[in-house]
Structures are given as structure tokens and as C-alpha cells.
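In my numbering, the protein residues as written are -9 to 435.
Just so you know, even glycine gets a beta-carbon here, dropped at the ideal spot from N, CA and C.
Everything below concerns the one structure shown next.
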Ligand SMILES: [Mn+2]
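Given below as C-alpha cells:
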């Protein structure tokens, strides 16, 4: 069908994806071909090595053409999968100038610079999950080979459903694909060749040149090596490296000589510790990523300096990771020590809270809680000052501590709120629900 199309009629509807297409990208294109049967899949020239190997074996089963078969002028409709970024589309980004094209986007990344007519962009583990949802709705029949390819894409992008970016919908999509006879032993086989001889050499080299250190309480390993030419899948190698050295965070710093003689550094990091956000660290170096994994390309800086920058950034990690000061409530509503118990009772009732800090000139003197009212024996005591009834051995926490530490203190002392104190001054209050909000990731960005 696509062959006839290319020979007889110009292609008007195309499905495409980002350069260096991975399995998620390629599988999403194949899924999109089922959803948009009138459209032709256009595979970018550069695809990942293991995807290339898969394509060469399955050449006859999937219909697709390369960029040279398409003339940009005849395109009327564009379907983009696994990216929402013109700059990642390679030569097809010329279509950006055309205002008369109808564009559909399917993606699981953040942000978009494509002015789409229709977009499905959700933070799931793999783009193919979004397309599987539509295939399910349309009650499309898929072959075991298609199911296997889609599951390969899903497993690649979710690390076999283990990455923190993986959602329940990814897992349900995997189940649906298994019901459609996706073959797990083939999935494993397709994903494995990514670790070939070249990657093995790099991993051995990394282990030889590794340095381990303790930075800001985290165990960190950095390995700096020289690479010749382009090596695919360095991210996978860094992941294996982290698993072997078994540290909180591991970094691979890959130097290569550019044609103009300058040194280019590809930095890839992996973190296995909640408190150490590799993505935001990479952002500071001009790259990006998420808390568990990130990368940055650093040019014109000598590699020792890059290594030092990593250490400095982790040392200053207090700024980038979530601290109590980001979660606490402030200003804190408090009462002075001379407030009468009757007034305190009224405030607690009106504000619907169970306790209040007692503060004198910003300094925390104690905490008065509903429980303390049990100490009152006679009516007249209601006109006594709060300082006579408040508890004074209050547990507090410093603003630079982590939410986990706050939660531990609250559990140990069986208290629901913790005054945040800096230099003896009360600057905020953190409650059990604030800490919970953090742990359950409900915190807005
Ligand atoms: Mn993807």
C-alpha cells in the first residue's frame, strides 16, 4: 500500500518521530499507523542501534518509508509521536513554517513548541501507553509481533516498569499487550543488544577510572574517561556502572575531541537517592532530566572543572532539594505569653487548630495545645496567662533539615506539628500533613 503510494501519488499524511528513535518512538509510530491508517510512517534517518537491528529483521512486516520519499510541499497532515519539539524532528522541521498543516501530537515529555491542532501529552512512562489506550478504545486488532514491539518500547522507557516515571496505566498497557501475545523473551532479546562490545569497553574503562567520595552525606562516584567517536547508549552504561559501584549517585564524564580541537564533555548522571536530584543538578549545567537520571553537554570547560562543578552542586544541594523551609507554613499565627487562657481557647476554636506556639519577641517560649486545658481546675484560671499552662520543653527543627527528618522527629515524639526555629527565632511551622504532602508527591512544582 505504501509502496503504491510512493510510486503513484504524493504522500499527504505522515507519521514521524524524533531523531535517534528508540523503541518507544518506533513502537509509537507503528501504533499510530493503526490509528491513522491513511498516513505513512516516515522513519528518521538516525535510529538507535537496537531499533535498527529490529527493523532489519522485520522489514517486510511494517510499512514505512524514509524521509527522501516525502516531498514536504505535499504534506497536509502530520502526526508526531514521542516528542513535541520541532528541533528533534530533523529535516522534517521545515514543516514548522507551514501554517496549513493539521498536526496531531502524542507525547509523554514535558513542554511543546509544536502548534498542534490536537495533542495528547501526559506524563506516563512511555508514549506507546497513550497510543495503546486509543487502540483499546478503537478495539483494534493487533498482531503478536506488533504487541511485542509495543511492549519493547514500553519496557525500554519504563525500565521494565521499574522507573519512578512509570504509572499504573503503563502497567495496564503492558498487561493488555501480554494478552495480545507479546513475547517477553523477544522483548528481552531486542532490548539487550544495546549493550554491545563498545559499551562493554566503556564500562570497563569507567570502572578503572572511578573515584568514590562522600559529598554532603551522599556516596558519589564519578568516572571520567575519553571516548573516541560516537558511542550509543551511554546512559545504559552509566546505569550499569551505578549498580556495580552501588552509590547514591554515579556520574560518567565522557570527553571527546571536537574537530576544532576543543574538548566536549558529555555528562550523564544517575541517582538512586530521593534527596539527590540529578535532573536539577544537570539543569544547573545547562542540561536536563528527572530526579533519577539526567545529562548535560558541556563544551569549552576543562573536564576537571566539570568534576569540581558536580561536587560543588551536590555540596550546595541544600538549595536544590526540598527542605523544610519549602514546606513549612509561615507566617506562623502565635500568641504572646501574657494572653489569657480564655482568649487562647477562643482562638483555637475560631481557627480550628489544636495548638499554637507562644512567642515573645519572635522567640519561641512554648506551645499551648488543647491538651493543656485539662490542667485547668477552676473557672477563674481561664483569666491566667498562657505561659502558666503551656508546655515549655518543645521539640523544634531547623529549616535546613529534610522532610524525612521532620517526619522522624514527629513520629518519635508523637506530635503533629513541629515549630521551625532558626537562631532561637520561630520562622515557621511544619505539620504532619505538610510532610505527607511531600512524601506523596502532591507538591506543585
Ligand atoms: Mn519515549
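Close beta carbons around residue 172, own chain, < 6 Å, minus the five adjacent residues each side: By 1-based counting over the chain shown, the position of residue 172 is 182. Sequence-distant Cβ neighbours of residue 172 in its own chain, meaning closer than 6 Å and more than five residues away, are 137, 138 and 141.
query: How about the region 29 to 49 and the region 1 to 10: do they share at least three Cβ pairs that are nearer than 8 Å?
result: Short answer: they touch.
- request: Taking only the alpha-carbon atoms, compute the straight-line gap between residue 383 and residue 403 and give it to the nearest angstrom.
  value: Translated into positions along the chain shown, residue 383 becomes position 393. Translated into positions along the chain shown, residue 403 becomes position 413. Cα-Cα distance, rounded: 12 Å.
message: As a quick exercise: from 256, 294, 104 and 77, pick the residue whose alpha carbon is nearest that of residue 245.
response: Stepping through the chain shown from its first residue, residue 245 is reached at position 255. The shortest Cα separation from residue 245 among 256, 294, 104 and 77 belongs to 256.
field: Best match in 126, -1, 13 and 75 for proximity to residue 64 [C-alpha to C-alpha]
entry: In the chain shown, the residue the question calls residue 64 occupies position 74. Ranking 126, -1, 13 and 75 by Cα distance to residue 64 puts -1 first.
query: Taking residue 210 as the reference, which of 219, 298, 177 and 292 has the closest Cα?
result: For the purposes of this step, residue 210 is taken as residue 220 along the chain shown, with counting starting at 1. Cα-wise, what sits closest to residue 210 is 298.
Residue 117: CB within 8 Å of a non-hydrogen atom of ligand 1: If you number the chain shown from 1, residue 117 lands on position 127. For residue 117, the shortest C-beta to heavy atom distance toward ligand 1 is below 8 Å.
Close beta carbons around residue 274, own chain, < 7 Å, minus the five adjacent residues each side: Taking the chain shown and counting its residues from 1, one reaches residue 274 at position 284. These residues qualify, in order along the chain: 303.
task: Could you tell me the distance, in whole angstroms, from the CA atom of residue 62 to the CA atom of residue 282?
output: By one-based count along the chain shown, residue 62 stands at place 72. By one-based count along the chain shown, residue 282 stands at place 292. One alpha carbon belongs to residue 62, the other to residue 282, and they sit about 39 Å apart.
message: So if DSSP puts residue 202 in a beta bridge, which residue, or which two residues, is it bridged to?
response: Position 212 of the chain shown, counting from 1, holds the residue named residue 202. Its beta-bridge partners are 211.
- prompt: Below 9 Å between beta carbons: does that hold for residue 17 and residue 149?
  reply: One-based indexing of the chain shown puts residue 17 at position 27. One-based indexing of the chain shown puts residue 149 at position 159. Judged by their CB atoms, residue 17 and residue 149 are not nearer to each other than the 9 Å cut-off.
task: Give the secondary structure of residue 254 by DSSP, where H, G and I count as helix, E and B as strand, and everything else as coil.
output: Here residue 254 corresponds to residue number 264 of the chain shown, with the count starting at 1. In this structure, DSSP gives residue 254 an extended state, which the three-state scheme calls strand.
task: Within the same chain, show all residues whose beta-carbon is closer than 8 Å to that of residue 123, passing over the 5 residues directly before and after it, in chain order.
output: Residue mapping note: residue 123 aligns to position 133 of the chain shown, counting from 1. Within the same chain, Cβ atoms closer than 8 Å to the Cβ of residue 123 are found at 159 and 163, the five residues on either side in sequence being excluded.
field: Residue from 300, 374, 314 and 316 with nearest C-alpha to residue 335
entry: Within the chain shown, the letter at position 345 stands for residue 335. Per the Cα distances, 374.
field: DSSP-derived helix/strand/coil call for residue 17
entry: Within the chain shown, numbered from 1, the residue matching residue 17 stands at position 27. If DSSP states are grouped into helix, strand and coil, residue 17 belongs with the helices.
message: Between which residues of its own chain and residue 263 is the CB-CB distance below 8 Å, once the five residues before and five after are set aside?
response: Working through the chain shown from its first residue, we reach residue 263 at position 273. Hits under 8 Å: 208, 238 and 239.
- prompt: With a cut-off of 9 Å, does the C-beta of residue 339 fall near any C-beta of chain E?
  reply: Note that chain E does not occur in the displayed structure, where there is just one protein chain.
- prompt: In the region 375 to 418, which residue ranges form an unbroken alpha helix (DSSP H) of at least 4 residues, counting only runs that do not cross its ends?
  reply: If only uninterrupted alpha helix (DSSP H) runs of at least 4 residues are considered, those enclosed by the region 375 to 418 are 393 to 403.
- request: Return helix, strand or coil for residue 114, following the three-state DSSP convention.
  value: Position 124 of the chain shown, counting from 1, holds the residue named residue 114. Judged by DSSP in its simplified three-state form, residue 114 adopts coil rather than helix or strand.
field: Cβ pair residue 192, residue 215 closer than 9 Å
entry: Counting from one through the chain shown, the residue named residue 192 turns up at place 202. Counting from one through the chain shown, the residue named residue 215 turns up at place 225. Result yes, Cβ atoms of residue 192 and residue 215 sit closer than 9 Å.
query: residue 322 to residue 411, Cα distance in whole Å?
result: By one-based count along the chain shown, residue 322 stands at place 332. By one-based count along the chain shown, residue 411 stands at place 421. Roughly 11 Å separates the two Cα atoms.
query: In three-state DSSP terms, what is residue 149?
result: Reading the chain shown from its first residue, position 159 is the one you call residue 149. In the structure shown, the three-state DSSP call for residue 149 is coil.
Candidates 418, 300, 326 and 219, of which the one nearest residue 315 by Cα: Taking the first residue of the chain shown as 1, we reach residue 315 at position 325. Of 418, 300, 326 and 219, the residue nearest in Cα terms is 418.
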